[in-house]
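These protein sequence lines are chains Y and G, in that order. For the first sequence, this note's numbering gives the first residue as 1, with consecutive numbering after it. For the second sequence, this note's numbering gives the first residue as 314, with consecutive numbering after it.
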Amino acid sequence: MHSSDLAEGVGIGPAKPRAIKLDRSDVVLRTISYVTITLFALFCVLPFIMMLSASLSSEAEIRRSGFGILPKDFTLTAYEYIFNAPRQIVGSYIVTIVMTVCGTAIGLFVIAMTGYALHRRDFPFRNHISFFIYFTTLFSAGLAPTFLWVARDLGLRGSYLAVFLQLLMTPWLIILMKNFMRTVPYEIVESGKVDGAGDFRIFAQLCLPMMKPALATIGLFLALSYWNEWYLSSLYLGSTVEFKPLQYHLYNLINTANALRNSVAGSNVSITDLPSNTLKMASAIVATGPILLLYPFIQKYFVSGITIGAVKG
Amino acid sequence: MAAKVPVERRKPLLRQLADSKILLLMCVPAIVFFIVFNYAPLPGAWIAFTNFNYRDGIFGSPFVGFKNFEFLIKSGQLWLLTRNTILYNLAFIIFGNILQIAIAVMLNEIRSTFFKKISQAAMFLPFFISAVLVGVIAFNLLNYDTGAINALIKQTGGDPIKIYSVAGIWPLIIIMVHLWQSTGYGSIVYFAAIMGIDRSLYEAAAIDGASAWQRIRYVTLPSLKPTFIILVLFSLGSIMHGNFGLFWNLVGNNAALFKTTDIIETSVYRMVLTQNNFTTSTAVGLYQSLFGFALVMTANWIVRRINKDYALF
Numbered sequence: 001m002h003s004s005d006l007a008e009g010v011g012i013g014p015a016k017p018r019a020i021k022l023d024r025s026d027v028v029l030r031t032i033s034y035v036t037i038t039l040f041a042l043f044c045v046l047p048f049i050m051m052l053s054a055s056l057s058s059e060a061e062i063r064r065s066g067f068g069i070l071p072k073d074f075t076l077t078a079y080e081y082i083f084n085a086p087r088q089i090v091g092s093y094i095v096t097i098v099m100t101v102c103g104t105a106i107g108l109f110v111i112a113m114t115g116y117a118l119h120r121r122d123f124p125f126r127n128h129i130s131f132f133i134y135f136t137t138l139f140s141a142g143l144a145p146t147f148l149w150v151a152r153d154l155g156l157r158g159s160y161l162a163v164f165l166q167l168l169m170t171p172w173l174i175i176l177m178k179n180f181m182r183t184v185p186y187e188i189v190e191s192g193k194v195d196g197a198g199d200f201r202i203f204a205q206l207c208l209p210m211m212k213p214a215l216a217t218i219g220l221f222l223a224l225s226y227w228n229e230w231y232l233s234s235l236y237l238g239s240t241v242e243f244k245p246l247q248y249h250l251y252n253l254i255n256t257a258n259a260l261r262n263s264v265a266g267s268n269v270s271i272t273d274l275p276s277n278t279l280k281m282a283s284a285i286v287a288t289g290p291i292l293l294l295y296p297f298i299q300k301y302f303v304s305g306i307t308i309g310a311v312k313g
Numbered sequence: 314m315a316a317k318v319p320v321e322r323r324k325p326l327l328r329q330l331a332d333s334k335i336l337l338l339m340c341v342p343a344i345v346f347f348i349v350f351n352y353a354p355l356p357g358a359w360i361a362f363t364n365f366n367y368r369d370g371i372f373g374s375p376f377v378g379f380k381n382f383e384f385l386i387k388s389g390q391l392w393l394l395t396r397n398t399i400l401y402n403l404a405f406i407i408f409g410n411i412l413q414i415a416i417a418v419m420l421n422e423i424r425s426t427f428f429k430k431i432s433q434a435a436m437f438l439p440f441f442i443s444a445v446l447v448g449v450i451a452f453n454l455l456n457y458d459t460g461a462i463n464a465l466i467k468q469t470g471g472d473p474i475k476i477y478s479v480a481g482i483w484p485l486i487i488i489m490v491h492l493w494q495s496t497g498y499g500s501i502v503y504f505a506a507i508m509g510i511d512r513s514l515y516e517a518a519a520i521d522g523a524s525a526w527q528r529i530r531y532v533t534l535p536s537l538k539p540t541f542i543i544l545v546l547f548s549l550g551s552i553m554h555g556n557f558g559l560f561w562n563l564v565g566n567n568a569a570l571f572k573t574t575d576i577i578e579t580s581v582y583r584m585v586l587t588q589n590n591f592t593t594s595t596a597v598g599l600y601q602s603l604f605g606f607a608l609v610m611t612a613n614w615i616v617r618r619i620n621k622d623y624a625l626f
């Protein structure tokens, strides 16, 4: 029945896109796959398109007929509002960018250094230290004691440091780095030792340059956690700082009407005059823009990171 | 480990320290980090057994034994939170894994590299955004006055629904949003596992005249079983830990929905931030940590029995 397959000696293994005779069931499956994947991909993207459209619509039209897929009565009013009084958003941008850049750089360096040391077979304390780090994922004091400790005893309430420091590393990222280190042949370390290089020099000059994919992946995870941060800000910053990190700024715009007024025009504008619905959407676009623009370039690193880190997460 | 380098083991401790001082130093920043932010707050869990007040501090406040826990149990709150947290996680695990496997299998049927890339990028997109933005998108779709769903209902002549006050629909909404955000990301692990399947299995299936369905049923799905079991076991290990950002940004302080949407994390956060209630929140946190710890240990014990390589420790 399938003599043609036999004769060609090839399988219909999916990874081999060869021109072979297709069974009816193959055609059906393939059609279902294309349709389902298309629909699911649309389902994933549609909310973003709606948000963008809403930000480009006129407030009156939105109030009359609600949000939709296409812009209604196209206008840039909402963006004009934001950029007419850009103080808040620019301040938030600067805070977020500084935190993201510094946090990613410092965090990445510490994580790489730790991951390297814990991967070294000849390091007698590697298992102890690994467990010491890993244990924090098994048992934690919980939100309230941690909050009291950081805010009161460390005195970090109202300080950007409370946010910045706590995001520097996670046990999971250190484990991920350690797993990545396996891709560096151990002979590299040994050859360095033979040449008389110190442990730090072996790390910095021999291993780091070979770790670029790992650094890219983990750096992106770090950068994303800094960029998307709002939770720690809500706990430790609250309203104590003038310039809130971007996502926390957005969080306030969405959840409190006053925040919207204060951020765009000062307190002399009545809240009813504001294009509040479209303004919320435009702010969301402005706060997310850079990630969405960078996204196509960074996607592949995440794929490799997830694949390597998936099992031993 | 011990068998491979017995010489290292026999060295006296001081000698080991001296030999690996650079590697130890490289671990110091991470160790300090975890001491300061994870170990130091641990004694604070004592608050759960006290009637905490700021003036007397953690260990000066009056000891009340298990009174805080008694209150939680008697009021039925602990049961509600535990039930919601576990049921939501179970739904996420079941529907999440089914959908992820289905997407991975179908993605594998796609021949066009271009189509595969674009659709993967689209499905991956929701994973990149902050929880705050998820809240914005939900507002865009669901709010009473301008939400896209109500706009659609109005257009077709129906009466708009006050979605934010109907507790019964929220499990469905939260599960949908969770699947929207995590399926693309989660399917990558399964997709990688499919790519790792031995091609000769598919060739053999083709020679035996297997249809596309049989190929999936007898080759692909059985090969995914180990990945599936491990992933599910680990998710079961963290079944007491909810996705705080998702729940808080969708529901927030909306008391009308608590019955069906309040999970441990949101409840603790609310107690700390809006009620300044440190005793009950610490009690809930401690209960969560202990229960969760037992679950992880059990899950890991089972994974270890199935395949030692996949065990966490």
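Where is the CB? At the ideal position from N, CA and C, for every residue including glycine. Bear in mind that the values here come from a model prediction, so they are computed numbers and not experimental data.
Counted within 10 angstroms of its Cβ, other Cβ atoms place residue i as buried (16 or more) or exposed
| i | result |
| --- | --- |
| Tyr81(Y) | buried |
| Ala525(G) | buried |
| Ile577(G) | buried |
| Thr256(Y) | exposed |
| Lys244(Y) | buried |
| Phe297(Y) | exposed |
| Gly470(G) | exposed |
| Glu59(Y) | buried |
| Ser333(G) | buried |
| Gly196(Y) | exposed |
| Leu39(Y) | exposed |
| Trp614(G) | exposed |
| Gln166(Y) | buried |
DSSP beta-bridge partners of residue i
| i | result |
| --- | --- |
| Phe376(G) | Thr363(G) |
Of the residues the options, the one placed nearest residue i, counting alpha carbons only
| i | options | result |
| --- | --- | --- |
| Gly219(Y) | Ala78(Y), Arg30(Y), Leu108(Y) and Phe135(Y) | Leu108(Y) |
| Trp382(G) | Phe428(G), Asn620(G), Pro342(G) and Leu599(G) | Per the sequence shown, residue 382(G) should be read as Phe rather than Trp. Checked all of Phe428(G), Asn620(G), Pro342(G) and Leu599(G); the closest Cα to Phe382(G) is Leu599(G). |
| Asn562(G) | Val241(Y), Ser239(Y), Tyr231(Y) and Tyr236(Y) | Tyr231(Y) |
| Gln588(G) | Asn566(G), Phe604(G) and Val609(G) | Asn566(G) |
| Ser140(Y) | Ala451(G), Phe350(G) and Ala404(G) | Phe350(G) |
| Asn421(G) | Ile411(G), Asn410(G) and Gln433(G) | Gln433(G) |
| Arg120(Y) | Arg182(Y), Ile32(Y) and Ala204(Y) | Arg182(Y) |
| Met419(G) | Thr533(G), His554(G) and Asn590(G) | Thr533(G) |
| Tyr79(Y) | Pro171(Y), Ala54(Y), Leu168(Y) and Ile69(Y) | Ala54(Y) |
| Ile399(G) | Ile344(G), Ala343(G) and Ser548(G) | Ser548(G) |
| Ser191(Y) | Tyr248(Y), Trp172(Y) and Cys207(Y) | Cys207(Y) |
| Thr77(Y) | Pro275(Y), Phe302(Y) and Ile285(Y) | Pro275(Y) |
| Phe132(Y) | Ala343(G), Thr593(G) and Ala451(G) | Ala343(G) |
Through-space distance from residue j to residue i, alpha-carbon basis
| i | j | result |
| --- | --- | --- |
| Leu293(Y) | Pro439(G) | 14 Å |
| Met177(Y) | Ala112(Y) | 6 Å |
| Lys475(G) | Met281(Y) | 21 Å |
| Phe200(Y) | Thr136(Y) | 27 Å |
| Leu485(G) | Phe408(G) | 12 Å |
| Ser234(Y) | Leu250(Y) | 12 Å |
| Ile89(Y) | Gly289(Y) | 13 Å |
| Ala505(G) | Met51(Y) | 32 Å |
| Asn277(Y) | Tyr401(G) | 31 Å |
| Gly91(Y) | Tyr582(G) | 27 Å |
| Ser267(Y) | Ile507(G) | With a pLDDT of 49 at Ser267(Y), under the threshold of 50, the modelled position of this residue cannot be trusted, and the question is left open. |
| Leu42(Y) | Leu492(G) | 14 Å |
| Gly481(G) | Ile466(G) | 19 Å |
| Lys72(Y) | Ser495(G) | 30 Å |
| Arg87(Y) | Leu246(Y) | 13 Å |
| Gln299(Y) | Ala435(G) | 10 Å |
| Leu327(G) | Glu242(Y) | 51 Å |
DSSP-derived helix/strand/coil call for residue i
| i | result |
| --- | --- |
| Lys72(Y) | coil |
| Tyr457(G) | coil |
| Val502(G) | helix |
| Gly198(Y) | coil |
| Arg120(Y) | coil |
| Ser425(G) | coil |
| Ser602(G) | helix |
| Ile174(Y) | helix |
| Val479(G) | coil |
| Lys347(Y) | With chain Y covering 1 to 313 only, the question about residue 347(Y) has no answer from this structure. |
| Val349(G) | helix |
| Trp230(Y) | coil |
| Val449(G) | helix |
| Lys538(G) | helix |
| Ala141(Y) | coil |
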